[in-house]
Amino acid sequence: MALITPLREAVSSLIHDGDTVALEGFTHLIPHAAGHEIIRQGKKDLTLVRMTPDLIYDQLIGMGCARKLIFSWGGNPGVGSLHRFRDAVEQGWPHKLETVEHSHAGMANAYVAGASNLPFALLRGYTGSDLPKVNPWIRFVECPFTGEKLAAIPSVRPDVTVIHAQKADKRGNVLLWGILGVQKEAALAAKRAIVTVEEVVDELNAPANACVLPSWALAAVCPVPGGAYPSYAQDYSQRDNKFYKDWDPIARNRDSFLAWMKRHVLETEDFAGFVRVLGESVARETV
Amino acid sequence: MSELEFSATEIMTVAASRLLGNGTVCFVGIGLPSTAANLARLTHAPDVVLIYESGPIGAKPTVLPLSIGDGDLSLTADTVVSTPEIFRYWLQGGRIDVGFLGAAQIDRFANINTTVIGPYDAPKVRLPGAGGAPEIAAQAKEVFIVLKQNKKAFVEKLPFITSAGFLDGGDAREKAGIPGGGPTAVITDLGILTPDPVTRELTLTSIHPGVTVEQVKEATGWDLKIAADLKTTEIPDAAALTALRDLQARTAKAHGQNAGGEG
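The listed protein sequences derive, respectively, from chains A and B.
Using full-length UniProt numbering, the letters of the first sequence map in sequence onto residues 1 to 287.
Using full-length UniProt numbering, the letters of the second sequence map in sequence onto residues 1 to 263.
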């Protein structure tokens with residue numbers, strides 16, 4: 001049963017060094033605040049999973065939280081490279097990062113297989129691509145009925161999945177809408193799911209067929225209004241495109257990256273503190 | 001710039017948009033493909049169905065999305081489904097007419113690389129990776145690829161094939177069991193390349209006005225074949241240019257730039 005829990009306690013009690021952790025979100029509803037809390041608590045040796053690792057994964061990788069990354073597209077959307085991710089892959093800084101690389105179709109199917117309690121995902125994919133040459137976890141099997149060659153990849157079964165959603169009720173049932181990506185599948189594929197939410201309400205009043213994650217399928221629900229920032233929550237906030245652009249020069253250089261992380265994440269007590277210090281930084285810039 | 005003058009990027013975008021017929025179901029990559037596909041929707045193809053891998057089906061964004069999951073895509077779509085559903089039911093289900101892709105690098109058989117420059121284990125440049133492209137390139141009924149033409153992008157040999165075009169040419173794609181028809185056009189800032197019907201080698205079949213064949217050859221990392229009946233690309237009409245510039249002005253006003261990415 002999901003308890004309404006402060007984020008700090010959820011991260012501390014549910015995410016352990018060495019865990020496989022998926023913080024999912026497809027541009028929309030990315031759980032940035034939870035990523036920052038993982039960094040603050042100095043979690044290590046994580047295997048990070050994400051279809052589209054972006055800024056929060058750049059930060060987790062640059063701060064040395066990750067040993068391995070399973071992914072299908074790593075970039076700063078609309079801006080360019082993830083410089084900390086590239087530095088880890090190209091130069092091994094702050095340490096070597098093992099990568100396991102898929103396509104989106106592969107990753108999406110792997111989450112579905114995980115949520116379905118299957119050992120592997122089956123898809124028509126990867127044919128003609130060099131990805132199977134560099135990723136030994138992409139293999140091919142023959143359809144027992146037609147003989148067609150199909151791709152098989154292991155299901156994704158994270159120890160912990162973290163997502164952000166719009167609403168929870170007081171019992172911890174969660175409602176999310178808009179671009180949902182693979183979040184439902186990722187939450188149900190995991191041993192433990194943490195959901196940060198914009199607000200806690202008395203009643204969800206969810207329409208039939210809405211995407212509701214029942215409290216009993218979750219480990220913790222944490223109220224963090226604005227916790228997707230600089231990503232967004234439809235009907236609550238807008239994506240801060242400027243932040244994504246501003247991140248590029250900060251992340252290009254190891255020292256400027258570390259200084260930024262120290263000031264905005266390590267030396268702030270929680271997400272509200274991050275928002276306050278970021279506001280001060282922005283005000284200083286615009287003076 | 002007066003209405004009848006246009007930039008190389010503008011003729012590339014307009015030429016790419018013209019290839020998209022009204023009513024086509026198009027799986028759109030972010031960036032140049034999304035610009036061209038939305039221009040088609042705003043001009044000659046109002047009923048084109050734009051599908052983005054983040055989940056929107058029938059998206060009609062008022063400005064170009066900066067990222068593949070911009071709120072505008074979701075709010076203007078006929079429906080928004082999950083990412084697994086997009087890839088399983090709509091793409092693998094065989095419902096996509098055109099996959100519209102960009103690329104970092106391309107070879108003579110229209111294979112594309114978006115993964116690494118240099119060796120995979122010790123890359124000189126780590127690119128973002130595959131995203132949705134391998135299965136879009138494999139499963140759409142046909143594929144358009146739009147990218148700027150230069151020797152760094154049009155290479156003799158790709159360091160990595162992320163998404164298959166015609167592999168080694170000829171019937172290699174069919175023999176590999178790839179279901180979709182493969183690339184039918186590569187639209188660049190210099191011209192349009194189409195695969196030879198037999199060898200499947202990309203051939204320059206249309207050249208943009210004011211560009212010379214020498215220029216195109218110079219911008220290609222292999223000995224580019226030129227069609228015997230080489231055509232000159234029709235210049236963008238005033239209506240298309242106006243629609244494109246209005247779209248880009250609205251986009252710039254909304255988020256300051258036109259580029260885009262997944263994520």
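Glycine is no exception: its CB is placed at the ideal position from the N, C-alpha and C atoms.
- Between W247 of chain A and chain B, the shortest Cβ-Cβ separation is not below 7 Å.
- In the structure shown, S206 of chain B falls within a strand segment according to DSSP collapsed to helix, strand and coil.
- At least one CB atom of chain B sits nearer than 7 Å to the CB of H104 of chain A.
- Secondary structure at N209 of chain A: coil, using DSSP grouped into helix, strand and coil.
- Annotation: G180 of chain B is outside any alpha helix (DSSP H) and is labelled neither H nor E by DSSP.
- Neighbours of A130 of chain B across chain A, judged by C-beta separation under 8 Å: S72, W73, E101, H102, S103, H104, S129, L131.
- Nearest CB-CB separation between V162 of chain A and chain B: not below the 7 Å threshold.
- Boundaries of the alpha helix (DSSP H) harbouring P249 of chain A: 241 to 252, taken from the DSSP string.
- Interface annotation, Q92 of chain B: in contact with chain A, CB-CB separation under 7 Å.
- Shown here for V49 of chain B: same chain residues with a beta carbon closer than 6 Å to its own, the five before and five after excluded, namely V25, G58 in chain order.
- The Cβ-Cβ distance between T127 of chain A and I178 of chain B falls below 7 Å.
- When the five nearest sequence neighbours on each side are left out, the beta carbons in the same chain lying within less than 6 Å of the beta carbon of H83 of chain A are those of A251, R252, in order along the chain.
- For the segment 45 to 58 of chain B, the residues whose beta carbon sits under 8 Å from a beta carbon of chain A are, in order, E53, S54, G55, P56.
- The criterion of a C-beta distance shorter than 7 Å is not satisfied by V212 of chain A and V195 of chain A.
- Using a CB distance cut-off of 7 Å, I250 of chain A does not count as an interface residue toward chain B.
- For T114 of chain B, the closest of B:D121, B:A122, B:K124, B:G102 by C-alpha to C-alpha distance is B:G102.
- Against chain B, the beta carbon of R86 of chain A has neighbours under 7 Å at R126, listed in chain order.
- Using a Cβ-Cβ cut-off of 7 Å, Y126 of chain A is close to P134 of chain B, given in chain order.
- Using a Cβ-Cβ distance cut-off of 8 Å, the segment 129 to 137 of chain B and the segment 102 to 120 of chain A are in contact, since at least three pairs of beta carbons, one from each stretch, lie closer than that value.
- For V213 of chain B, same chain residues with a beta-carbon under 8 Å away, outside a window of 5 residues either side, are L204, I207, I226, L230 in chain order.
- R95 of chain B carries a coil assignment under DSSP once its states are collapsed to helix, strand and coil.
- Within chain A, no C-beta atom comes less than 9 Å from the C-beta of D168 of chain B; the nearest is roughly 10 Å away.
- Going by DSSP, I61 of chain A is part of the alpha helix (DSSP H) stretching over 55 to 62.
- The Cβ of F144 of chain B sits no closer than 7 Å to any Cβ of chain A.
- Listed in chain order, the alpha helix (DSSP H) elements of length 4 or more contained wholly in the segment 6 to 51 of chain B are 8 to 18, 32 to 42.
- Going by DSSP, L131 of chain A is part of the alpha helix (DSSP H) stretching over 131 to 134.
- In the structure shown, the three-state DSSP call for E280 of chain A is helix.
- The alpha-carbon separation between A121 of chain A and E280 of chain A amounts to approximately 47 Å.
- For R139 of chain A, the enclosing beta strand (DSSP E) starts and ends at 139 to 142.
- Sequence-distant partners of F85 of chain A (beyond 5 residues in either direction) whose C-beta falls short of 6 Å from its own C-beta, in its chain, are D58, I61, G74.
- The alpha-carbon of D19 of chain A is positioned some 15 Å away from that of L97 of chain A.
- Sequence-distant partners of V201 of chain A (beyond 5 residues in either direction) whose C-beta falls short of 7 Å from its own C-beta, in its chain, are K167, D169.
- Shown in chain order are the members of the segment 66 to 80 of chain B whose Cβ falls below 9 Å from a Cβ of chain A: L66, S67, I68, G69, D70, G71, L73, S74, L75, V80.
- The alpha-carbon separation between L190 of chain B and E234 of chain B amounts to approximately 13 Å.
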